[in-house]
Amino acid sequence: MNLTIREALLTFRRAPLLSALSVTTIAFSLFVVGLFGLVAVNLQDALRGVAERVEIVAYLLPGTPIETITLAEKDIEAFPEVQSATYVSEDSALARARGELVEFRDVLQELERNPLPASIELKLKPRFRDAQHVNDVADRLRGFGFVDDVRFGRDWVEKLDRLRQVAAAVGLVVGAAFAVVAIIIIGTTIRMAVLQRSREIAIMRLVGATDGFIRRPFLLQGAIKGMLGGLVAMALSYGAYVLINRWLIQAAFFSREQGIAIVGFGTLIGLFGSAASVGRHLRRV
Amino acid sequence: MIKFTNVFKAFPKGGLALKDVSFHIAKGEFVFLTGHSGAGKSTVLKLVFAEEPVTSGEVRVSGFNVAELRRKDVPMLRRRLGIVFQDFRLLEDRTAEENVAFALEVTGARRSTIAARVMRVLTQVGLAAKAQAYPRELSGGEQQRVAIARALVNEPTVLLADEPTGNLDERATRGVFQLLRDINASGTAVLMATHDLDLVRQAPYRVIELQEGALVYDSVADEPRDQAASP
């Protein structure tokens, strides 16, 4: 094991240029993936912000007893999809309208009778903010005898759904393409490192080294390169993020878990890329 | 020790490299393998250390049935052999000492014993003073001595040498050959492929000659020749 570590580290000293080149290549490949990831993360944030506004309003028949409403509110809050249900009385509806619709203030001021119905306003939990679930909940609300009408921006929710599907599809396809390109480039880089040492591998085999013995330092070295590349890629992404934030738009950066995932992705590509390259090389000689 | 029985070797594109070759080399023997380039000398050696698969026939090397050896057992066979080539095959970025130690590290030898064993074989080949030199700082003869030290460090029962003097001038050739004879004198069998007939004539050793892949002469049947050179 000590020997594996020594041999793996020696490579960095013996072939510093090629090692640096590998790390740089891996870093830039992952940086592209990272940039795309940043776009995806921010797009998701934006969509989440929009989805925040998905709301269902159940208008109540006039004269519904407050006890009935309170009980129903409890029931509705117990729906698995519902995050919160808020009762808005006729009076508070009017007060809110006066506050929000400034241009109609005079009209609203002169009313003799409050024309606004009481309502229950529902917010859904984040993962249920799509057309399907909104429709479901709306249907269930209509089942209550005292509910006069249920409103939600149907078109709007459907458009949001569509947008989310497009974003997910594009993200998946483009993300996968970038990831594949990164894997190919990194694989090629690692293959160069293996070929550069093919003479050494031949000599190792000649003096009786097992395949495992030959392979181990390469795996370790590949993993280290992948990890270093991942760290550099994160640093570059952070730099890009700072610049974007300063000059373009307010953006979000990766969460700690996402950052670890990218570095981990680099490490794994380094590891498996090395395994594949050395394995192929060993099978051929 | 080494036993070939009706061995054939065909290369996918090169035709038949060995045709029905049979011979037996006993423990501690010194055997020359001679013949023109392309006669099959290197092929015989490659079959011995399982670099190439046997097409048909049986090859036995110090207890291993090479033709049926599994890939994972090949390293075990090679650790019992010492192998030396015309082009030395040293690692350029390691010192003489590290090159020799490498062959021990590969076998998982204990670290504490490596340094002592390496110095012992380097002394044996007369290079103890140049242990820290890199191959490019050594002459051809010295590089071949490092390679021989590397081959010896695992205490092999057989030393295979493929044209070990092919790249050396006359003086270095004599030195390396003498070293191989000394190694043989201490009990290690040596199978040396060479087309240097002067060397062959110098020593009273057995000669096996190949011609176009066939064994055409084996002196073991004949009287030992008389040109015994004193060590």
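Protein chains in written order, with my numbering: chain E, 9 to 293; chain W, 1453 to 1683. C-beta atoms are modelled at their ideal positions from N, C-alpha and C, and glycine is treated no differently. Given the structure is predicted, the values throughout are model-derived calculations rather than measurements.
So, with DSSP's three-state summary, where would you put residue i?
{"i": "Gln-258/E", "result": "coil"}
{"i": "Asn-1636/W", "result": "helix"}
{"i": "Glu-1510/W", "result": "strand"}
{"i": "Lys-1461/W", "result": "strand"}
{"i": "Asp-138/E", "result": "coil"}
{"i": "Asp-1545/W", "result": "coil"}
{"i": "Met-1644/W", "result": "strand"}
{"i": "Asp-147/E", "result": "helix"}
{"i": "Tyr-246/E", "result": "helix"}
{"i": "Pro-1676/W", "result": "Only weak support exists for where Pro-1676/W lies, its pLDDT of 45 falling under 50; the value from the coordinates is given anyway. In the structure shown, Pro-1676/W sits in coil (DSSP, three-state: anything other than H, G, I, E or B)."}
{"i": "Gln-91/E", "result": "strand"}
{"i": "Phe-1456/W", "result": "strand"}
{"i": "Ser-1489/W", "result": "coil"}
{"i": "Arg-223/E", "result": "helix"}
{"i": "Gly-1592/W", "result": "helix"}
When the Cα of residue i is compared with those of the options, which residue comes out closest?
{"i": "Ala-1624/W", "options": "Leu-1543/W, Pro-1527/W, Leu-1662/W, Gln-1538/W", "result": "Gln-1538/W"}
{"i": "Met-242/E", "options": "Glu-265/E, Leu-256/E, Ile-191/E", "result": "Glu-265/E"}
{"i": "Phe-273/E", "options": "Asp-138/E, Ser-30/E, Ile-13/E, Ile-34/E", "result": "Ile-34/E"}
{"i": "Val-188/E", "options": "Leu-11/E, Phe-261/E, Ile-277/E, Leu-25/E", "result": "Ile-277/E"}
{"i": "Gly-207/E", "options": "Ile-193/E, Ile-222/E, Ala-175/E", "result": "A quick correction: the sequence has Arg, not Gly, at residue 207/E. Per the Cα distances, Ile-222/E."}
{"i": "Val-1672/W", "options": "Val-1513/W, Ala-1519/W, Thr-1617/W, Ile-1660/W", "result": "Ile-1660/W"}
{"i": "Gly-1593/W", "options": "Ala-1568/W, Glu-1615/W, Asn-1619/W, Leu-1574/W", "result": "Asn-1619/W"}
{"i": "Pro-1464/W", "options": "Gly-1480/W, Thr-1457/W, Glu-1504/W", "result": "Glu-1504/W"}
{"i": "Tyr-95/E", "options": "Asp-219/E, Pro-24/E, Asp-83/E, Pro-88/E", "result": "Asp-83/E"}
{"i": "Ala-260/E", "options": "Thr-19/E, Arg-56/E, Val-40/E", "result": "Arg-56/E"}
{"i": "His-1647/W", "options": "Gly-1490/W, Arg-1523/W, Thr-1457/W", "result": "Gly-1490/W"}
{"i": "Leu-228/E", "options": "Ser-282/E, Leu-46/E, Leu-130/E, Glu-85/E", "result": "Ser-282/E"}
{"i": "Ala-28/E", "options": "Thr-78/E, Pro-73/E, Met-235/E", "result": "Met-235/E"}
{"i": "Glu-89/E", "options": "Pro-134/E, Glu-120/E, Glu-129/E", "result": "Pro-134/E"}
{"i": "Val-65/E", "options": "Asn-50/E, Ala-86/E, Ala-93/E, Leu-168/E", "result": "Ala-93/E"}
Can you name the residues of chain E whose CB is closer than 8 Å to the CB of residue i?
{"i": "Gly-1545/W", "result": "The sequence as given places Asp at residue 1545/W; Gly does not occur at that position. By Cβ distance, chain E contributes Arg-22."}
Which residues in chain W have a C-beta closer than 9 Å to the C-beta of residue i? List them in chain order.
{"i": "Gly-272/E", "result": "Neighbours of Gly-272/E on chain W: none; closest Cβ ~31 Å, over 9 Å."}
{"i": "Leu-29/E", "result": "Ordered by position in chain W, no residue passes the 9 Å Cβ test against Leu-29/E, which lies about 18 Å from the chain."}
With residue i as the anchor, note down where its beta strand (DSSP E) starts and where it stops.
{"i": "Ser-127/E", "result": "127 to 132"}
{"i": "Phe-1484/W", "result": "1482 to 1486"}
{"i": "Gly-1534/W", "result": "1533 to 1537"}
{"i": "Glu-1661/W", "result": "1658 to 1663"}
{"i": "Lys-1493/W", "result": "Taken as a continuous stretch (DSSP letters only), Lys-1493/W belongs to no beta strand (DSSP E), being part of the alpha helix (DSSP H) at 1493 to 1500."}
{"i": "Phe-152/E", "result": "Per DSSP, Phe-152/E belongs to no beta strand (DSSP E) and is neither H nor E."}
{"i": "Lys-1471/W", "result": "1467 to 1477"}
{"i": "Ala-1613/W", "result": "1610 to 1614"}
{"i": "Leu-1667/W", "result": "1666 to 1670"}
Which same chain residues, not among the five before or five after residue i, have their C-beta less than 6 Å away from its C-beta?
{"i": "Ser-285/E", "result": "Ile-198, Arg-199, Val-202"}
{"i": "Thr-1640/W", "result": "Leu-1611"}
{"i": "Arg-1512/W", "result": "Lys-1455"}
Closer than 9 Å by beta-carbon distance: list the chain E residues that pair up with residue i, in chain order.
{"i": "Arg-1569/W", "result": "The contacting residues do not exist; Arg-1569/W stays about 14 Å from chain E at best."}
{"i": "Ile-1535/W", "result": "Leu-214, Val-215"}
{"i": "Arg-1530/W", "result": "Arg-213, Leu-214, Val-215, Gly-216, Ala-217"}
In chain E, which residues lie with their C-beta within 7 Å of the C-beta of residue i?
{"i": "Pro-1527/W", "result": "Gly-216, Ala-217, Thr-218"}
Taking residue i as the query, report the chain W residues whose CB atoms sit under 8 Å from its CB, ordered along the chain.
{"i": "Glu-208/E", "result": "Leu-1543"}
{"i": "Met-212/E", "result": "Phe-1554, Val-1558"}
{"i": "Leu-11/E", "result": "Glu-1557"}
Span of the alpha helix (DSSP H) holding residue i?
{"i": "Asp-157/E", "result": "Asp-157/E -> not in any alpha helix (DSSP H); beta strand (DSSP E) instead, spanning 155 to 159."}
{"i": "Val-1519/W", "result": "According to the sequence shown, residue 1519/W is Ala rather than Val. Segment: none, Ala-1519/W is in no alpha helix (DSSP H) and carries neither H nor E."}
{"i": "Phe-36/E", "result": "24 to 59"}
{"i": "Leu-180/E", "result": "162 to 204"}
{"i": "Ser-100/E", "result": "98 to 108"}
{"i": "Leu-68/E", "result": "Counting along the chain, Leu-68/E falls outside any alpha helix (DSSP H), though it belongs to the beta strand (DSSP E) covering 63 to 68."}
{"i": "Phe-273/E", "result": "264 to 292"}
{"i": "Ser-1564/W", "result": "1563 to 1576"}
Can you name the residues of chain W whose CB is closer than 7 Å to the CB of residue i?
{"i": "Leu-244/E", "result": "By Cβ distance, chain W contributes nothing, its closest Cβ being about 32 Å from Leu-244/E, past 7 Å."}
{"i": "Ala-221/E", "result": "Reading off the sequence, residue 221/E comes out as Phe, not Ala. Correct list: Val-1558."}
{"i": "Leu-26/E", "result": "Going along chain W, no residue has its Cβ under 7 Å from Leu-26/E, so there is no contact; the nearest lies around 13 Å."}
Who are the near neighbours of residue i in its chain, counting only those whose CB is closer than 7 Å to its CB and skipping five residues on each side?
{"i": "Arg-1531/W", "result": "Thr-1559, Asn-1606"}
{"i": "Ile-1477/W", "result": "Met-1453, Ile-1454, Val-1483, Ala-1641, Leu-1643"}
{"i": "Val-1526/W", "result": "Ala-1502"}
{"i": "Ser-1682/W", "result": "Note that Ser-1682/W scores a pLDDT of 41, beneath 50, so its modelled location is shaky and nothing firm can be said."}
To which residues of the same chain is residue i closer than 8 Å at the C-beta, ignoring the five residues directly before and after it?
{"i": "Val-1577/W", "result": "Arg-1597, Val-1598, Ile-1600, Ala-1601, Leu-1604, Leu-1631"}
{"i": "Tyr-1669/W", "result": "Val-1659, Ile-1660, Glu-1661"}
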